[in-house]
Amino acid sequence: MSSYRGHIRGGLLFFGLLWLGIWVASGHGLLGEEFVRAFQGWRVLPLLAVSLTMAIWPDVDITSKAQKFFYRVLIGVDILLLMGKRYQEAAFLGLLAMVPVVSRHRGWTHTIWAAIIVPSPLLLLPMYLEGKLTWTGLPYYISGTVGYISHLILDGKFI
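Just so you know, we're using the working numbering here: the sequence shown kicks off at 5 and counts up by one.
Below, the structure written as structure tokens:
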């Protein structure tokens with residue numbers, strides 16, 4: 005079991021390994037230019053932020069620094085949704101925000117299927133907003149999944 009800082013460090017390490025893997029794969033022409041460009045220059049910073057955020061997310065089911073951080077962000081997003089008259093989205097976000105609090109620690113938030121499903125809005129939201137199939141969220145989804153899996157590995161729940 006790792007601490008908050010340990011999970012941040014682990015998320016940083018795993019994101020670095022992801023970045024290195026993308027660099028090597030792109031050198032062999034295995035990845036599309038647009039995908040690789042998302043991991044270059046300043047564009048890598050939001051991806052790193054997503055990865056580090058997902059590296060601490062599984063501990064949202066207990067009173068922790070991660071929980072305080074996420075609920076502050078969720079309240080802010082919910083307020084913005086309400087101000088934008090996106091009532092259904094605000095209600096859905098509110099419902100989803102309650103789920104971790106009513107579950108037990110190291111329950112579903114510490115499973116591989118959660119590592120696949122929880123970051124999925126990063127992939128699906130651009131499609132919803134654009135109303136068509138688009139892969140612009142794929143780098144964010146992969147970064148989030150890698151961060152989440154780093155948490156599971158450090159907690160001994162994966163491998």
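Virtual Cβ for every residue (Gly too), placed ideally from N, Cα, C. Just so you know, these numbers come straight off a predicted model, no measurement behind them.
With a contact defined as Cβ atoms closer than 8 Å, SER124 and PHE18 miss out at about 19 Å. Check the Cα spacing between GLY111 and each of PHE74, LYS161, TRP27 and LEU100: the tightest is with LYS161. Under the three-state reduction of DSSP, PRO123 is assigned to coil, being neither helix nor strand. Counting only runs of 4+ residues, the alpha helix (DSSP H) found wholly inside the region 69 to 137 occupies 69 to 87, 91 to 102, 116 to 121 and 124 to 134, in chain order. Under the three-state reduction of DSSP, ASP65 is assigned to helix. In the structure shown, LEU51 adopts helical secondary structure according to DSSP, grouped into three states. PHE96 counts as exposed, since fewer than 16 other beta carbons sit within 10 angstroms of its beta carbon. Cα atoms of TRP23 and ILE116: separation of roughly 21 Å, rounded to the nearest angstrom.
Nearest Cα to MET102 within the set LEU129, GLY36, LEU78 and LEU35: LEU78. Per DSSP, SER154 is one residue of the alpha helix (DSSP H) stretching across 142 to 158. A straight line joining the alpha-carbon of LEU128 with that of LEU99 spans about 18 Å. With a threshold of 16 other beta carbon atoms within 10 Å, ILE120 falls short and is exposed. Only residues of its own chain outside the window of five on either side were considered, and among them TYR144, SER147 and GLY148 have a CB closer than 6 Å to the CB of VAL54, listed in chain order. About 12 Å separates the beta carbons of ALA70 and TYR152, which is beyond the 8 Å limit, so they are not a contact pair.
Going by beta carbons, PRO50 and HIS114 fall outside the 9 Å limit. The C-beta separation of GLY31 from ALA59 comes to about 27 Å, leaving the pair out of contact by the 8 Å criterion.
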